[in-house]
Amino acid sequence: MIPAVAQQIWCVAALLGTTALAIASSRSRRSTALVYGATFAISLVALAGALFSLIARTGATELTLPIGLPWLGSHFRLDALAAFFLVVVNLGAATASLYGLGYGSHESTPQRILPFFPAFLAGMNLVVLADDAFTYLLCWEFMSLASWALVMAHHREADNTRAGYVYLVMASFGTLALLLAFGLLSGAGGSYSFAAIRSAEHTPSEAALVLALMLLGAGSKAGLVPLHVWLPLAHPAAPSHVSALMSGVMTKVAIYGFIRVVFDLLGPPSWSASVVVLILGGATAVIGILYALMENDLKRLLAYSTIENIGVIFTSLGLALAFQANGLGLAAALAFTAALFHVLNHSFFKSLLFFGAGAVLTSTGERDMEKLGGLIHRMPLTSFVFLVGCVAISALPPFNGFVSEWLMFQAVLLSPDLPQWGLKIMVPAIGALLALAAALAAACFVKAFGITFLGRARSPAAEAAGEVDRYSLAAMFALAALCFLAGILPGLVIDALSPVAEAMIGHRMPVQANDPWLSIVPIEESRSSYNGLLVFVFITAAASLAVYFIHRFASRAIRRGPAWGCGFSDPTPAAQYSGASFVQPIRRVFGTLVFQAREHVDMPAPGDLRPARFKVDIHDLVWERLYTPLTEAVWFLADRLNQLQFLTIRRYLSLVFATLVTLLLVLAIWS
Amino acid sequence: MHNLAFDIAHLLAGGLVLISFMMLYQDRLYALLNIFALHAVVLAASVAWQAFIQNAPHLYVTAAIALVFKAIVIPVALHRIIKQLGIHRDIETAVSIGPTMLAGMGLVALSMVLMLRVTGAADPLAREDLAFALSVVLLGLLVMVTRRNAVSQVVGFMSLENGLVLAATGAKGMPLVVEISVAFSILIAFIVIGVFLFRIRERFDTVDVGALDEFRGERR
């Protein structure tokens, strides 16, 4: 019996082999089916292995390969945390491969995607398995570059080159931050293996610096505000199944990095660290979802909503840090488990929604919601699963999104136990922010579903849409089923997550398997409990009864008539309720502050025949206040430094000489 | 015996630094070449002495290379180049002698302070050697920076390399291969620079590198 970690490494090797296969067979017509079939099978094997070691609690297994730095080798380790994230990665990979089997056949240039897809999967697996700083950073860069190649797959579209460029810059910045963080962690001795870092002592100032660098490094990959700018550009630019992987899975790999360093390697946290994480998380959640609301491009909306969910997860991790710093182990385990649960959930429904958006894109060629509509008649199955995804991400029972957010609010409600007054006051405020984000998310997905699938078709393309292929539907239905199952059987998930919480926090949530009727009890029964199954039964019964009564006492026949348009049924579909009109109230409430939104109405005088115009100005303040000045400063400096390129030989020599002497002087004075 | 060995090594290395100063001061090309040859002879003596006291016969090879190439071949070749180019007039120094000498003294002081402090635990012989070697390197760079004539820049570069060889032989256990490859790379650099000198001369009628700058439309 080979150890679990070796099994995972073999899977990675098989994925890399698939890359080679994809390159070799790039001219063949079957290569799409071949590559996605192979990645599907490999991901399933890896998923089974990871799931087994998570549930059977096989303990940590290690492996050292003689590659990489000659005196170091490459260390790999599979513990509970890694196993959980491997489950997330490989589940996403398996469904994306299944989806790709159908979706990939519409691809015009498959040879631009096929070699990088397995490489991207291998990169994500390796990051989670890595057990020394060098291997970790190497795999992290490998993952970034592979995903960059996938973003640039359709490089002829004008926006995509810019997206790829911004992504590359932000990814390099993030890796720089990670590099510095690991440099600090390994200290002057330069012990790069995680085991050595874990056992070393870290001073408080060092720990604070590492936390800040991790927030920059992992945060830029995960999409923390204000480092999120690349995400809504790059995620939608990739093909849809890759978008699903990037949004649903790669951001989770970034969160894995954060957890690994902050909860595992850095030692006991300080409560002030949690304040930063909480504030960043709360701000990210609200700002992310507000951006999503303003968006009319379906895939960009989903990408912005990813930012919101990342904010929610980080908030929960911040809560775990706060409780952990004060020795409240049970509460910390609750918040930590909630974060992990949300990681799992988000990977389910965000992949599902991106698959749905991809299905809409293949069958209509449109991503702009204002040109869609009425798809529920043309694509009933896709609409159904997309609705499931929307309900789940809006945190409505009985689906999985509700459970993790409910657990999170249970943790927020424990905040009076915290000794610091600052935290006591702040945590409920952050909780309020989360509640606001959750409500706005619901509004956002009402809009996403309503404008895209309901009403009448706004363009000929939407009118001519048809249902997508079986593979895509199978992938989406599998994810929808998982959303539902995790929603009504949350106890199983919580128990499966307990070894992770035990390893990272030292405590676990109470065992849920013994609770009657599959309900979950986060702290104690007298305080709160939730039963997804019961809620589901109640909802089903209530809805069936309502339908029965309506159909029994009203007419049984289904009637199709013109949609009610304030008594005036306009002949053009463009006069329907649009996405922009749906969010107008929200834009008026929040937009003036967050986006500096201004509405201009240009009403012609009576008798004037030109049309009236209504215009809204929206500003992306993060770009305008942070990134534009930054790029301008870089340009300015580059312009100044440009003159260095045309010096005389003697000046160059003098420059080198002066630098050398200065460095020697510094050394002489310093040492 | 040990003290004598130390003193002689010290004397030779110190002599090298002194000759570097002479190079810094000298503003005629022929004289500069002669001093460079002297520099190489002292280097060869110093390396040979190191070979003797370290019992490292391969260092004799290094000393021989230094003597043959740097003390004889390169100076003679440069003499011929100067004759062919017809430039026996004064060197125009870009910076006047006084400040250059002051700067040189500052550099020697800096390298002493630095090396003696950094290599506190090392063998005293190696310490002194390294300090002198760093001075020679820095002085060579200073020669390159303060001269405008391409030939004297070449001489500055060669003396800088002498400093490197001094450092390399002072530290025990430097393999011969490294020294030989360094020596040959210097020779090749010399050939390349020689070719370039003629090219520059052909095109601009001078080897004053200032002419290159004028050609590019730069102000000095």
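First to last, the protein sequences are chains A and B.
For the first sequence, the residue numbers in my numbering are 58 to 728.
For the second sequence, the residue numbers in my numbering are 3 to 222.
Just so it is clear, CB atoms sit at the ideal spot from N, CA and C, and this is done for glycine as well.
At the level of alpha carbons, what is the spacing between residue i and residue j?
i: A:N571; j: A:F606; result: 38 Å
i: A:L322; j: A:A187; result: 13 Å
i: A:L721; j: B:L116; result: 7 Å
i: B:H12; j: B:L40; result: 17 Å
i: A:G180; j: A:L701; result: 40 Å
i: A:D474; j: B:T121; result: 57 Å
i: A:A486; j: A:N366; result: 18 Å
i: A:M561; j: A:F320; result: 6 Å
i: A:G305; j: A:V343; result: 19 Å
i: A:L337; j: A:L683; result: 16 Å
i: A:V223; j: A:W287; result: 6 Å
i: A:L194; j: A:A234; result: 11 Å
i: A:V92; j: A:E198; result: 23 Å
i: A:I726; j: B:T64; result: 35 Å
i: A:F405; j: A:V445; result: 11 Å
i: A:L126; j: A:C196; result: 13 Å
i: A:A311; j: A:G276; result: 7 Å
i: A:A377; j: A:K428; result: 44 Å
i: B:L35; j: B:F23; result: 14 Å
i: A:S420; j: A:W463; result: 37 Å
i: B:M114; j: B:L136; result: 8 Å
i: A:P668; j: A:V267; result: 58 Å
i: A:A107; j: A:V185; result: 11 Å
i: A:H163; j: A:Q65; result: 31 Å
Comparing alpha-carbon positions, which option in the options lies nearest residue i?
i: A:A279; options: A:F133, A:F671, A:L241 and A:G231; result: A:G231
i: A:L129; options: A:G664, A:D136, A:L120 and A:S373; result: A:L120
i: A:A113; options: A:T629, A:N182, A:S555 and A:T509; result: A:S555
i: A:H399; options: A:M181, A:F142, A:S201 and A:S250; result: A:F142
i: A:H657; options: A:G413, A:I675, A:G664 and A:A558; result: A:I675
i: A:S74; options: A:S162, A:P172 and A:G384; result: The sequence given here has Gly at residue 74 of chain A, not Ser. The candidate whose alpha carbon is nearest that of A:G74 is A:P172.
i: A:D189; options: A:A61, A:R219, A:A176 and A:S131; result: A:S131
i: A:Q256; options: A:V267, A:S262, A:L242 and A:R527; result: Note on identity: in this sequence residue 256 of chain A is Ser, with Gln being the wrong assignment. That would be A:L242, whose Cα lies nearest to the Cα of A:S256.
i: A:P289; options: A:F251, A:P668, A:L355 and A:Y249; result: A:L355
i: B:P101; options: B:S113, B:I83, B:V145 and B:I74; result: B:V145
i: A:R565; options: A:A389, A:F693, A:A396 and A:A90; result: A:A389
i: A:E258; options: A:T421, A:A245 and A:A269; result: A:A245
i: A:L493; options: A:V673, A:G368 and A:G240; result: A:G368
i: A:V592; options: A:R609, A:G618, A:G544 and A:A553; result: A:G544
Note the first and the last residue of the continuous beta strand (DSSP E) segment covering residue i.
i: A:K672; result: R670 to D674
i: A:R655; result: R655 to D659
i: A:H132; result: S131 to L135
i: A:E119; result: T118 to L122
CB of residue i to nearest heavy atom of the ligand MG: below 6 Å?
i: B:M24; result: Of the ligands one can find in the structure shown there are none, so the ligand MG has no counterpart to examine.
Could you check where the alpha helix (DSSP H) with residue i kicks off and where it finishes?
i: A:L542; result: R527 to I545
i: A:L378; result: L355 to A382
i: A:M181; result: F173 to L186
i: A:F502; result: W478 to F510
i: A:N217; result: A215 to S243
i: A:P437; result: P437 to I450
i: A:I596; result: G589 to F610
i: A:A520; result: Correcting the residue identity first, residue 520 of chain A is Glu in this sequence and not Ala. Looking at the DSSP string, the run of the alpha helix (DSSP H) that includes A:E520 is P517 to E520.
i: B:K72; result: Premise fails: B:K72 is in no alpha helix (DSSP H) and is neither H nor E.
i: A:P296; result: Per DSSP, A:P296 belongs to no alpha helix (DSSP H) and is neither H nor E.
Within 10 angstroms of the Cβ of residue i, are there 16 or more other Cβ atoms? Answer buried if so, exposed if not.
i: A:R134; result: buried
i: A:I80; result: exposed
i: A:I551; result: buried
i: B:R222; result: Any reading at B:R222 must be qualified, since the residue scores a pLDDT of 46, below 50, and its modelled position is unreliable; the value itself is stated next. Exposed is the call here.
i: A:S583; result: exposed
i: A:T363; result: buried
i: A:T649; result: exposed
i: A:G314; result: buried
i: B:I37; result: buried
Within 9 Å of chain A by C-beta, residues of the segment 113–128 of chain B in sequence order: Closer than 9 Å at the C-beta level to chain A, one finds these residues of the segment 113–128 of chain B: S113, V115, L116, R119 and V120.
Interface residues of the segment 138–154 of chain B facing chain A [CB-CB below 8 Å]: For chain A, the residues of the segment 138–154 of chain B that bring a beta carbon within less than 8 Å of one of its beta carbons are L140, L143, L144, M146, V147 and R150, in chain order.
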